[in-house]
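Step one of this worksheet: look at the structure below.
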Amino acid sequence: MSIPTFDPTGLEPRSATDDLRAESPLARTPDGTWVVLGHEEALAVVEDAERFSSAVSRFLQVPGGLDGAEHAALRAATDPFFGPAEMDRLAPVLRGVAAGLVEELLDGVDERGTEIDAVAALGAVFAVRAQTTWLGWPAELEPELLQWMSENHEASRSGDLSRTREVAERFDEIIRSLLAPRIAAGQDAPADPTTALLRLRLPLPDPDVPGSEERSLREEEIVSILRNWTGGDLGSIALCTGVLLAAVARAPELAERLRDGSEQEAAAIVDELLRIDDPFVSNRRVATCPVTLAGQALEEGDRVMVHWTSANRDERAFRSPDAFDPAANSTRNLVYGAGPHVCPGRPLATLELVTLLRVLLSAAQVRPAGTPGEREVAPVGGWAHAPVVLVPRR
Ligand code: HEM
Numbered sequence: 010m011s012i013p014t015f016d017p018t019g020l021e022p023r024s025a026t027d028d029l030r031a032e033s034p035l036a037r038t039p040d041g042t043w044v045v046l047g048h049e050e051a052l053a054v055v056e057d058a059e060r061f062s063s064a065v066s067r068f069l070q071v072p073g074g075l076d077g078a079e080h081a082a083l084r085a086a087t088d089p090f091f092g093p094a095e096m097d098r099l100a101p102v103l104r105g106v107a108a109g110l111v112e113e114l115l116d117g118v119d120e121r122g123t124e125i126d127a128v129a130a131l132g133a134v135f136a137v138r139a140q141t142t143w144l145g146w147p148a149e150l151e152p153e154l155l156q157w158m159s160e161n162h163e164a165s166r167s168g169d170l171s172r173t174r175e176v177a178e179r180f181d182e183i184i185r186s187l188l189a190p191r192i193a194a195g196q197d198a199p200a201d202p203t204t205a206l207l208r209l210r211l212p213l214p215d216p217d218v219p220g221s222e223e224r225s226l227r228e229e230e231i232v233s234i235l236r237n238w239t240g241g242d243l244g245s246i247a248l249c250t251g252v253l254l255a256a257v258a259r260a261p262e263l264a265e266r267l268r269d270g271s272e273q274e275a276a277a278i279v280d281e282l283l284r285i286d287d288p289f290v291s292n293r294r295v296a297t298c299p300v301t302l303a304g305q306a307l308e309e310g311d312r313v314m315v316h317w318t319s320a321n322r323d324e325r326a327f328r329s330p331d332a333f334d335p336a337a338n339s340t341r342n343l344v345y346g347a348g349p350h351v352c353p354g355r356p357l358a359t360l361e362l363v364t365l366l367r368v369l370l371s372a373a374q375v376r377p378a379g380t381p382g383e384r385e386v387a388p389v390g391g392w393a394h395a396p397v398v399l400v401p402r403r
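Per this note's numbering, residue 10 is the first one in the sequence shown, and the count goes up by one each step.
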């Protein structure tokens, strides 16, 4: 089988991969990175963390860039931040955040409705407010975080690594300014997830204390975790909101099911709409040894890009990429990844998205706008702008 050459940068991820995937489950960028387009092949890579390492960056990424026992210890320590008790505590709080935002958007709007960009006006603002509320950060950070999100987005779109680094450093400064007063306050620091990270103990030896069996997180690890949570969350929630509202505006019967059905049904609808148009496009790995993938011989050190958007539309796994069928497709859905690095934030993401949709759809009808939307390009997917009209329900 000959391997097609494919450079996904700057292309709309779905149209760029739909035809190519039919030709081959693997492609190669001009600089030699393997692009995994098939569902089966994506799973083979992410479930085999020994042969496909996540240590792909020069920079510390916790837990995303870790492997093996260190990764497992960090996941075991931080996964409970997304556990059922924490989600139960957050549910009413997030409903309040969503209700406040929807009220602002509908303020003074009559039956002619109001046109908004679902990504910027709804998704991004909700993501920042939900995140700051969850982590116990001051509401005054909202403008700074919104500004940071758009700069981060532009930097990753540009592919300019030094720009991405600068934006990451600015974010680290914001985080350090939140950690410093908590460290100074000691036992009197507010009881929130940010303080809880400062107090976390890991079952790993402390290199500075001979014979020790556990240690605290180092400051750079806390900053990296919070960057992973915030950076991963804010942009993705905004993009997911765009995808969901664009779909709902064109399918009023789905809007009804999302609003009036059970939370489980709403979550299944959300997952399936995101499978069809997955805005969280790809993650990277590096081969740790010679390995065969889809009949191709990969060398040790070969770089691999797992293309979730393509894998989630693979017709060998799903009857047809665009056929909406939550019941049939849920077990193979890869929107939140798979294997040891599977997204720990999935319960929070689902809670945020379902809450926002249900609150919005109870207060307003969502209709298609007269102006066309604009699709995103890799490294992200979904919509750059998703205009929809909100008409208050009486
Ligand atoms: C909004 C929708 C979201 C999507 C579509 C999404 C998707 C993903 C995917 C596909 C992965 C796997 C990465 C890999 O295999 O290399 C991942 C990992 C991760 N996600 Fe999410 N995510 C979302 C929201 C969140 C949220 C809300 C948080 C936390 C607040 C979060 C935190 C993380 C972290 C920390 C990892 C790295 C896990 C590890 O490497 O062990 N994500 N996410």
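For each residue, glycine too, the CB sits at the ideal point set by N, CA and C.
Source: prediction; values computed, not measured.
DSSP, reduced to helix, strand and coil, places Thr-380 outside both helices and strands of the structure shown, so it counts as coil. Burial check for Cys-249: the Cβ neighbour count within 10 Å reaches 16 or more, so the residue is buried.
The shortest CA-to-CA distance from Gln-70 to any of Asn-292, Asp-197, Leu-360, Met-158 is the one to Asn-292. If you draw a straight line from the Cα of Ser-62 to the Cα of Ile-192, it comes to about 34 Å. Each of Gly-220, Glu-223, Glu-265, Thr-203 was checked against the Cα of Ser-233, and the nearest Cα belongs to Thr-203. Listed in chain order, the non-local C-beta contacts of Ala-108 below 6 Å within the same chain comprise Val-368, local neighbours out to five positions each way being set aside. Ile-246 sits close to Leu-362, with the two beta carbons spaced by under 9 Å. Looking only at Asn-321, Val-176, Val-290, Thr-364, the smallest Cα-Cα distance to Pro-22 is reached by Val-290. Taken from the Cβ of Glu-361, at least one heavy atom of ligand 1 lies inside 8 Å.
Closest by C-alpha distance to Phe-15, out of Leu-282, Asp-28, Pro-39, is Pro-39. For Pro-396, the enclosing beta strand (DSSP E) starts and ends at 396-401. Ranking His-350, Arg-208, Glu-149 by CA distance to the CA of Val-134 puts Glu-149 first. Residue range 123-126 is occupied by the beta strand (DSSP E) that includes Glu-124. Under the criterion of beta carbons closer than 8 Å, Ala-255 and Ala-127 qualify as touching, at roughly 7 Å. Judged by DSSP secondary structure, Gln-196 falls outside any beta strand (DSSP E); it is assigned neither H nor E. By the beta-carbon neighbour count (other beta carbons within 10 angstroms, threshold 16), Val-351 is exposed. Secondary structure note for Asn-292: its beta strand (DSSP E) is the uninterrupted segment 291-296.
Boundaries around His-316 are those of the beta strand (DSSP E), 312-316, since no alpha helix (DSSP H) includes it.
In this structure, ligand 1 has no non-hydrogen atom nearer than 8 Å to the beta-carbon of Leu-99. Counting other Cβ atoms within 10 Å of its Cβ, Gly-220 stays below 16 and is therefore classed as exposed.
At a cut-off of 8 Å, the beta-carbon of Ile-246 counts as near ligand 1: some heavy atom of the ligand is closer than that.
Counting along the chain, Trp-143 sits inside the alpha helix (DSSP H) bounded by residues 134-144. DSSP places Val-300 outside any alpha helix (DSSP H); the residue lies instead in the beta strand (DSSP E), whose first and last residues are 300-302. Per DSSP, the beta bridge partners of Arg-224 are Leu-211. For Met-158, the closest of Ser-167, Ile-285, Gly-168, Val-137 by C-alpha to C-alpha distance is Val-137. Taken atom to atom, the span from the alpha-carbon of Asp-323 to that of Asp-311 is near 24 Å. For Leu-35, the enclosing beta strand (DSSP E) has its first and last residue at 35-37. Cα atoms of Asp-201 and Leu-209: separation of roughly 12 Å, rounded to the nearest angstrom.
Under the DSSP assignment, Val-45 falls in the beta strand (DSSP E) whose first and last residues are 43-45. Trp-146 and Val-54 have their alpha carbons spaced roughly 37 Å apart. In the structure shown, the three-state DSSP call for Leu-307 is strand. For Ala-358, the shortest C-beta to heavy atom distance toward ligand 1 is below 8 Å. At the C-beta level, Leu-131 and Leu-283 stay beyond 9 Å of one another.
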